[in-house]
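Written out below as structure tokens is the structure these notes cover.
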Amino acid sequence: MQKFIYILLFIVLGALYGQESDLTESELAESELAESEVTESELSEEVPEGLFKASRDKLMEQDLTVYIEWIVEGESIALFISAAAVLLVLLGSAAISSTIAESKLRGPRIHFVAGLLLPVAYPIFAFSVLKPPVDHVEEVDENGLRVTGPPPSAGGDKMKIGQSDESGFISEETMETKTNVYNQIYFQTAMYDGSGNHRGPFMMVIEGNEVRFERISQADSDFVVIETINSTGKQQTLRIPYPKIDSVKEI
Numbered sequence: 000m001q002k003f004i005y006i007l008l009f010i011v012l013g014a015l016y017g018q019e020s021d022l023t024e025s026e027l028a029e030s031e032l033a034e035s036e037v038t039e040s041e042l043s044e045e046v047p048e049g050l051f052k053a054s055r056d057k058l059m060e061q062d063l064t065v066y067i068e069w070i071v072e073g074e075s076i077a078l079f080i081s082a083a084a085v086l087l088v089l090l091g092s093a094a095i096s097s098t099i100a101e102s103k104l105r106g107p108r109i110h111f112v113a114g115l116l117l118p119v120a121y122p123i124f125a126f127s128v129l130k131p132p133v134d135h136v137e138e139v140d141e142n143g144l145r146v147t148g149p150p151p152s153a154g155g156d157k158m159k160i161g162q163s164d165e166s167g168f169i170s171e172e173t174m175e176t177k178t179n180v181y182n183q184i185y186f187q188t189a190m191y192d193g194s195g196n197h198r199g200p201f202m203m204v205i206e207g208n209e210v211r212f213e214r215i216s217q218a219d220s221d222f223v224v225i226e227t228i229n230s231t232g233k234q235q236t237l238r239i240p241y242p243k244i245d246s247v248k249e250i
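My numbering puts the first residue of the sequence shown at 0, with every later residue one more than the last.
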């Protein structure tokens with residue numbers, strides 16, 4: 000859609016350039032009008048007064064018609080240029096807003112509409128304020144650990160993330176002998192399965208509190224970012240420091 004908008008903007012710019020050419024033609028018509036006035040003064044010296052008067056009246060009538068047409072055409076051109084300029088600003092703001100939203104990992108449609116409604120101002124706002132979703136994660140504390148979500152799937156085998164498999168998970172024996180096993184390397188390994196798809200959902204125990212989450216979003220050096228579903232059914236992103244994690248298992 001953005002490519003279509005940019006193509007449309009180029010078309011509008013081309014139309015504006017064509018109107019500049021039309022303005023040049025209008026200037027030529029004005030020049031011809033001035034030449035006709037010179038011809039009128041020359042005729043007054045060479046022709047009889049009666050013939051000159053008839054010719055002058057005819058010239059004045061023609062000049063008036065040309066002048067009126069020139070005014071109407073000029074107003075139409077000015078109106079077209081104004082409308083094209085407004086359209087250019089609206090579409091440009093909408094396209095830039097949606098592009099900024101996509102670069103910030105946001106949905107472009109709502110920002111496209113916002114760019115149309117608030118031209119110029121909204122693209123500046125979006126560029127300054129919008130951040131990628133991972134930058135808006137919430138620090139987990141004791142008051143916000145429990146997250147209500149869909150119940151765990153019934154049946155099926157449950158596998159602990161620490162269990163060894165083809166993807167290179169750390170074994171449970173290794174987990175027992177190592178300290179601070181839940182670190183960046185651990186969650187980077189647990190994030191995807193052998194086919195490159197996100198694992199999940201999971202159950203994590205954080206300082207004695209269970210939190211169900213859908214998948215691992217990011218593993219940083221000091222914390223892991225997980226995606227959960229809150230009580231209203233909306234996606235929520237949480238940032239969990241590794242020292243707070245007691246255990247993790249896939250459900």
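Glycine residues also receive a C-beta, built at the ideal position from the N, C-alpha and C atoms. All values derive from a computational prediction rather than experimental measurement.
Uninterrupted alpha helix (DSSP H) stretches at least 4 residues long and entirely within the stretch 203 to 240 do not occur. In terms of Cβ geometry, histidine 110 and alanine 94 do not form a close pair [threshold 8 Å].
Serine 194: not part of any alpha helix (DSSP H); DSSP gives it neither H nor E.
Taken through DSSP and simplified to helix, strand or coil, lysine 130 comes out as coil. Per the DSSP secondary-structure output, serine 246 pairs in a beta bridge with Val204.
For proline 118, there is no enclosing alpha helix (DSSP H), as DSSP marks it with neither H nor E. Under the three-state reduction of DSSP, tyrosine 185 is assigned to helix. Separation of the CB atoms of proline 240 and phenylalanine 222 is rounded to 5 Å, and the pair is thereby assigned contact status at 8 Å.
Valine 88 is a Cβ neighbour of proline 118, given a cutoff of 8 Å.
Nearest neighbour of phenylalanine 186 by Cα position, chosen from Val112, Gly114, Glu249, turns out to be Glu249.
Non-local C-beta neighbours of serine 194 in its own chain, meaning closer than 7 Å and more than five positions away in sequence, are absent. Around the beta carbon of leucine 116, fewer than 16 other beta carbons lie within 10 angstroms, which makes this residue exposed. Residue state for glycine 106 is assigned as coil, using DSSP reduced to three classes. For the pair isoleucine 225 and alanine 120, the Cα-to-Cα distance works out to about 34 Å. The residue from Leu237, Ser216, Tyr181 with its alpha-carbon nearest to that of arginine 198 is Ser216. Taking each of Ala113, Gly232, Val210, Thr231 in turn and checking the Cα distance to arginine 238, the smallest one comes out for Val210.
Taking serine 220 as reference, the option from Tyr191, Ile184, Thr231, Thr98 with the minimal CA-CA separation is Ile184. Within the model, the alpha-carbon separation for asparagine 196 versus alanine 125 is close to 31 Å. Of the residues assessed, glycine 207 falls on the exposed side of the cut-off, its CB having fewer than 16 other CB atoms within 10 angstroms. By the beta-carbon neighbour count (other beta carbons within 10 angstroms, threshold 16), alanine 77 is exposed. Between proline 122 and serine 81 a beta carbon distance of about 21 Å is seen, past the 8 Å cut, so the two are scored as non-contacting. Straight-line measurement puts the Cα of lysine 243 at about 9 Å from the Cα of valine 204.
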